[in-house]
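Residue numbers (full-length UniProt numbering): 1 to 250.
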């Protein structure tokens, strides 16, 4: 591989990582917030390697070609020192971070991601008197299927997530994607919504409503579903890969 090609690829990759982590929140589309320091370190290291490679090339007089011994000719006269055409594809990931970053994960991934296992909980604190009660999708799932006091029945709750259309056309789903490390291990937390029309897929919304009856509340037979009363479009949280409490006003 030509030395100038190597230098340019290292520099662009380093700049792309630093741009996505230091100057924008693009990195949070693909990795957890805790991975940010490692991405910054990786971007800085790539820039240093690129600068060192450029300095080395300049000290040697440029390029990495070398002359064959005098009078020697190889088995043919073709030049094999050029960069393979397919190698230019290596620039696409680096350039995409600088000019066109792929969108965040959404409904397409949620419909195919493994469901996130909800841990068992034996003791539940009393719900606040606030109405509607702000809840995460995970907490709502626990209350519906594990809280045998059934205090969730009839209580108005509010949750925030993005719209995942139902392929069967019966209601739609409020969804959150949770990452353990990066986008490759995304898991979904889903609450079915009944009684209100769905906004377009991937729209972030705040939903207020009450538990949709079915099965036996406080057991796994109870559906994790909500009878929606109001649905309001909201801005996507900066870090949308956390099942966090809704912070938008009702």
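The C-beta atom is built at its ideal place from N, Cα and C for all residues, glycine as well. All values reported here derive from a predicted model rather than from experimental measurement.
Query, Result
"Would you call the CB atoms of residue 189 and residue 175 closer than 8 Å?", "yes"
"Could you check which residue in 8, 135, 213 and 26 has the C-alpha nearest to that of residue 183?", "26"
"Contact defined as beta carbons within less than 8 Å: I believe residue 228 pairs with residue 222. What is the distance between those atoms, to the nearest angstrom?", "Actually they are not in contact, since the Cβ atoms of residue 228 and residue 222 sit about 17 Å apart, beyond 8 Å."
"Here's a check: name, in chain order, each residue in its chain whose Cβ is nearer than 7 Å to the Cβ of residue 234, leaving out the five neighbours to either side.", "160, 204, 205, 206 and 248"
"Which one of 54, 101 and 232 has the shortest CA to CA distance from residue 273?", "For the chain, the structure presents residues 1 to 250; residue 273 sits outside this window and is missing."
"Pick out the complete beta strand (DSSP E) segments inside the region 174-203, 3 residues or longer, and give them in chain order.", "187-194"
"So, helix, strand or coil for residue 159, using DSSP?", "strand"
"Should residue 38 be labelled buried (16 or more other beta-carbon atoms within 10 Å of its own) or exposed?", "exposed"
"Between residue 20 and residue 97, which are expected to be in contact by the criterion C-beta below 8 Å, what is the C-beta distance as a whole number of angstroms?", "5 Å"
"Using DSSP's beta-bridge definition, name the partner residues of residue 27.", "Answer is none; residue 27 lacks a bridge partner."
"For my contact list, residue 156 and residue 133 are in at a C-beta cut-off of 8 Å; report their separation, rounded to the angstrom.", "7 Å"
"Please tell me whether residue 9 and residue 47 are closer than 8 Å, where the distance is taken between their beta carbons.", "no"
"As a quick exercise: from 236, 119, 125 and 164, pick the residue whose alpha carbon is nearest that of residue 149.", "125"
"Are residue 219 and residue 145 closer than 8 Å when you measure CB to CB?", "yes"
"Which residue comes first and which comes last in the beta strand (DSSP E) that contains residue 227?", "225-233"
"Quick one: what does DSSP say residue 144 is sitting in, helix, strand or coil?", "helix"
"If we call anything under 8 Å between Cβ atoms a contact, is residue 195 one with residue 94?", "no"
"Can you name, in chain order, every residue of its own chain whose Cβ lies under 6 Å from the Cβ of residue 70, other than the five neighbours on each side?", "Its pLDDT being 48, under 50, residue 70 is placed unreliably by the model, and nothing is read from it."
"To which residues does DSSP link residue 165 through a beta bridge?", "172"
"Give the single residue among 212, 158, 103 and 110 whose Cα lies nearest to the Cα of residue 127.", "158"
"If you draw a straight line from the alpha carbon of residue 230 to that of residue 208, how long is it in whole angstroms?", "5 Å"
"If contacts are defined as beta-carbon pairs under 8 Å, then residue 239 and residue 28 qualify, I think. What distance do you get, rounded to the angstrom?", "5 Å"
"Comparing alpha-carbon positions, which option in 225, 181 and 143 lies nearest residue 173?", "225"
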